[in-house]
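Chains as they are written, first to last, in numbering that gives the first Met the number 0: chain A, 0 to 186; chain B, 0 to 509.
Cβ atoms here follow ideal geometry from the backbone N, Cα and C, with glycine treated the same way.
What you are looking at is a predicted structure, and each value in this text was computed from that prediction instead of being measured.
Here is the structure we will look at, set down as structure tokens.
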Amino acid sequence: MMMRNLSERDRRTLRLGVIGIIGYLVLFYGATGLKSLETRRAEYDQLTQQARRVRQELLPYENKVLLLEKLQQTFRIDVTKLNRPSLVAEASAAIQKAAQAGGVQLGPIRESPGSASAKELAAMQLEGVGQVTSVMQLLHQLQNLGFPLVIESVQLTPESRKPGHIKVTLQLAILNFEQWKGARRNA
Amino acid sequence: MKRLPLSTRNVWIEFGGSSLRVHDGTAGIEVPIQRLENGKIANRDELIGAIRSFAGNGWGMRPRAICAISARGVSLRRITLPPTTKDNFDQLLAFQVEKEFPLGPDELAWGCYAPNQNGHNSSHSGSPQEVTVIAVKKETVAEYADLLKPCELNPLFTVGVIAAAELCRQLHRSHALLDIGEIHSELICVEDGVPSGIRTIAWGYRMLRQCVADALNISPEAADPLVREATVAPAEDQRAQKVRQTVELAFARLAASIRQTWKGQHLYVTGTGTPQIGAAHLLSRLLGVTSEPIHIPHGEGTSAAILGLKSLGERNGACPPLVLDLRNAASVARKRRPMAQWKWAAIAAALVIALLCLRYAEAFIRHDSLSQRLAQVNAERERLPRIDRELAFLQFLETNQPPYLNALVILANASAPGTRIQSLSMNRRGDLSIRATMQNSQQATDLRSKLIESGLFSTVVFDEQTPGPNRQVNVRLSARWRLTKSVNLLEKTNTPALKPAALQPPTRTR
């Protein structure tokens with residue numbers, strides 16, 4: 000292969016040529032290139048601002064989620080798994096089971112439709128007789144059965160026929176989650 | 000020492016005073032040079048044709064021509080340079096050359112022995128450096144370069160006698176080499192491997208032959224064989240004796256010229272006819288030094304200079320130790336300056352790239368990952384309203400669970416022993432009503448106080464108090480508890496008035 004040694008003039012010509020080509024590229028494509036770089040950077044800035052906004056928005060939800068999990072554990076309620084058509088029946092069965100397990104003998108159980116304005120699915124009235132501790136235990140368990148129950152009223156009277164026993168009359172409301180739209184507090 | 004690229008073919012050329020020798024390592028040619036009165040070459044075309052036909056390469060590589068020139072007109076100076084950096088070395092040297100030589104560096108073709116080749120101050124930075132500079136008029140070398148241009152050769156020029164000195168470099172570091180030529184002789188003095196003097200002596204074979212011809216009254220052509228045979232002729236030959244005497248006288252003049260320049264102990268003698276006339280032996284006797292001949296193989300195009308260049312080339316392709324540079328000082332300085340300029344340009348380019356990277360690199364690198372992550376988060380955001388709804392529902396459930404058990408505990412703790420409760424009712428709105436029988440009215444009063452002190456009830460009223468038999472009192476009590484967020488009111492029962500007590504079923508008194 001012919002190895003040509005470049006003279007100083009050849010090298011100078013090459014150098015000038017390379018500088019000229021680079022200058023041409025910078026002149027004609029530099030502005031376009033810079034513009035595209037700036038556009039990309041502006042898009043990235045927008046993304047970062049959007050990310051900051053979303054982060055601000057999501058920050059309170061960290062606590063909300065923790066609170067929600069705690070309440071779900073306390074009440075043992077998974078709202079997503081509540082089946083509206085069979086909710087009342089399931090709740091009634093659970094109450095009867097809890098009463099039976101606690102030693103409370105249940106009497107008549109009456110169900111009626113709930114008040115739509117109060118977002119109630121159904122209202123229930125039940126009577127039972129049992130020892131004081133059993134009745135108290137039932138009252139306590141009603142909150143943790145896994146159903147959205149609110150005890151409207153409690154009436155306790157001594158049971159004359161059974162010493163040591165009391166008679167309890169409960170009025171319960173089963174809340175309807177599907178009618179719930181947003182955050183509401185009891186007045 | 001600079002190295003030639005190994006793949007380049009080399010041709011060695013000697014531009015003598017009267018002849019041109021060309022050798023390529025295997026064969027050579029010798030062409031006489033005809034000069035004009037001003038010393039310029041007259042038969043330029045003939046020489047070009049001879050070189051071209053000898054070194055013509057066809058399709059092969061363009062050979063490099065390493066050229067040795069005569070020492071006529073060559074000056075040697077030892078220059079002391081102050082300590083300086085590598086970048087400034089050439090510029091400083093050019094200044095000193097202009098100072099030391101009669102012509103400026105732009106008018107000279109010059110080269111130098113680098114400080115580490117001098118053997119002085121080689122590795123001491125911060126101390127003056129001694130540099131040996133050898134220079135010749137640029138037009139002399141330029142003429143030879145122009146002659147080689149049509150032959151498509153890349154020439155490198157050095158001084159012939161310096162190349163010849165390479166033949167005895169390994170023998171003694173301090174010596175002198177005498178190259179006896181046809182018209183003049185060249186003497187180079189070497190100290191510690193670096194030339195310390197170059198001199199042209201107007202003494203050559205032609206003059207020797209003329210002396211013998213004058214002594215014997217014959218023509219110089221007839222004297223030539225007599226000079227060669229004088230050393231081997233028998234001692235009785237009177238003619239040969241006369242020739243020997245004449246030769247010795249002529250060599251005495253040569254020795255005197257050598258002594259003016261050189262005072263060393265080792266002398267090497269070379270030249271085409273030196274072995275035959277015993278020049279080394281004669282000079283050894285006349286100068287009182289050790290003198291050895293350097294044998295030149297018989298062949299066309301061979302000489303001490305050619306052999307010296309060839310031995311350098313065979314030594315891993317080494318360049319001659321001194322190369323006469325045809326470029327001017329400004330271009331030499333520019334050769335170094337661009338390196339520094341390119342360094343700064345590279346630093347500037349690196350800084351610009353760093354600036355662009357700082358500003359734009361993050362956008363390029365993180366844009367896609369950030370947009371993907373945002374898309375994922377935006378998809379998850381659809382669950383947020385549901386979370387709000389569920390939380391609100393459960394919080395409503397929590398706040399709307401009336402504290403029935405709390406109220407019963409407080410009531411049980413506040414009631415005095417013997418209290419008989421006939422009925423008790425509570426509702427979600429916070430209303431509590433009790434119908435009970437107490438032992439005395441004081442117990443009723445105490446009950447009310449304790450219920451209020453408990454903090455759970457905002458109002459406690461006795462709707463009815465009816466005295467009964469045995470100082471008993473039948474009471475109907477209504478209370479309303481505070482509708483605040485559930486408080487662990489069981490803690491409040493630790494007050495002495497509200498010690499925990501079991502809720503006893505009413506005992507029959509009848």
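Please classify residue i as buried or exposed, where buried requires at least 16 other C-beta atoms within 10 Å of its C-beta.
| i | result |
| --- | --- |
| Tyr143(B) | buried |
| Pro157(A) | buried |
| Asp178(B) | buried |
| Ala30(A) | exposed |
| Ser218(B) | exposed |
| Arg63(B) | buried |
| Gln136(A) | buried |
| Ser6(A) | exposed |
| Glu379(B) | exposed |
| Lys80(A) | exposed |
| Ala100(A) | exposed |
| Pro224(B) | exposed |
| Asp324(B) | buried |
| Val460(B) | exposed |
| Glu313(B) | exposed |
| Asn117(B) | With a pLDDT of 47 at Asn117(B), under the threshold of 50, the modelled position of this residue cannot be trusted, and the question is left open. |
Under a three-way DSSP split, which group does residue i fall into?
| i | result |
| --- | --- |
| Phe100(B) | coil |
| Asn426(B) | strand |
| Leu311(B) | helix |
| His174(B) | strand |
| His164(A) | strand |
| Thr301(B) | coil |
| Leu65(A) | helix |
| Ser52(B) | helix |
| Pro59(A) | helix |
| Arg227(B) | helix |
| Phe146(A) | coil |
| His265(B) | strand |
Nearest to residue i by alpha carbon, out of the options?
| i | options | result |
| --- | --- | --- |
| Phe79(B) | Gln128(B), Asn399(B), Asp105(B) | The sequence shown places Thr at residue 79(B), rather than the Phe named in the question. Minimum Cα distance to Thr79(B) is reached at Gln128(B). |
| Ala50(A) | Arg365(B), Thr199(B), Ser173(B), Gln442(B) | Arg365(B) |
| Leu33(A) | Val459(B), Gln438(B), Arg475(B), Leu355(B) | Leu355(B) |
| Ser302(B) | Cys210(B), Trp202(B), Gly48(B), Ala67(B) | Ala67(B) |
| Thr269(B) | Ala251(B), Asn216(B), Glu97(B), Ala164(B) | Ala164(B) |
| Lys69(A) | Glu389(B), Val472(B), Thr458(B), Ala406(B) | Glu389(B) |
| Tyr267(B) | Ala175(B), Gln237(B), Pro401(B), Pro224(B) | Ala175(B) |
| Asn367(B) | Arg39(A), Gly102(A), Asn143(A) | Contrary to the premise, residue 367(B) reads as Asp rather than Asn in this sequence. The shortest Cα separation from Asp367(B) among Arg39(A), Gly102(A), Asn143(A) belongs to Arg39(A). |
| Thr260(B) | Thr84(B), Val226(B), Ile197(B) | Ile197(B) |
| Phe14(B) | Ser52(B), Gly24(B), Leu155(B) | Leu155(B) |
| Glu151(A) | Gly454(B), Thr436(B), Asn399(B) | Asn399(B) |
| Ala93(B) | Pro320(B), Pro104(B), Arg205(B), Ile295(B) | Pro104(B) |
| Pro112(A) | Gly19(A), Tyr28(A), Phe27(A), Leu174(A) | Leu174(A) |
| Asp23(B) | Arg43(B), Ile305(B), Val351(B) | Ile305(B) |
| Leu105(A) | Ala93(A), Arg11(A), Val128(A), Ala122(A) | Val128(A) |
| Gln55(A) | Val376(B), Lys137(B), Ser432(B), Thr458(B) | Val376(B) |
Given this structure, state the Cα-to-Cα distance separating residue i from residue j, to the nearest angstrom.
| i | j | result |
| --- | --- | --- |
| Ala249(B) | Glu228(B) | 16 Å |
| Glu588(B) | Leu152(B) | The structure shown has nothing for residue 588(B), since chain B only spans 0 to 509. |
| Ser290(B) | Pro194(B) | 18 Å |
| Ala413(B) | Arg75(A) | 33 Å |
| Val134(A) | Ser424(B) | 14 Å |
| Leu169(A) | Gln178(A) | 24 Å |
| Arg168(B) | Gly192(B) | 7 Å |
| Val135(B) | Val158(B) | 9 Å |
| Ala362(B) | Tyr60(A) | 29 Å |
| Tyr187(A) | Leu65(A) | Nothing about residue 187(A) can be reported from this structure: the residues present for chain A run from 0 to 186 only. |
| Gly16(A) | Tyr359(B) | 30 Å |
| Ser283(B) | Cys150(B) | 43 Å |
| Val131(A) | Leu67(A) | 33 Å |
| Val242(B) | Ile50(B) | 39 Å |
| Ile12(B) | Ile28(B) | 10 Å |
| Ala374(B) | Leu171(A) | 45 Å |
| Ile200(B) | Leu253(B) | 8 Å |
| Val87(A) | Arg434(B) | 34 Å |
| Asn405(B) | Ile420(B) | 17 Å |
| Ser69(B) | Ser17(B) | 10 Å |
| Gly298(B) | Phe53(B) | 15 Å |
Mind reading off the beta-carbon distance from residue i to residue j? Whole number of angstroms is fine, and I expect it under 8 Å.
| i | j | result |
| --- | --- | --- |
| Cys111(B) | Val140(B) | Rounded, the Cβ-Cβ distance is 15 Å, inconsistent with contact. |
| Glu45(B) | Val30(B) | 7 Å |
| Ile257(B) | Leu286(B) | 7 Å |
| Ile32(B) | Leu308(B) | About 18 Å; that fails the 8 Å criterion. |
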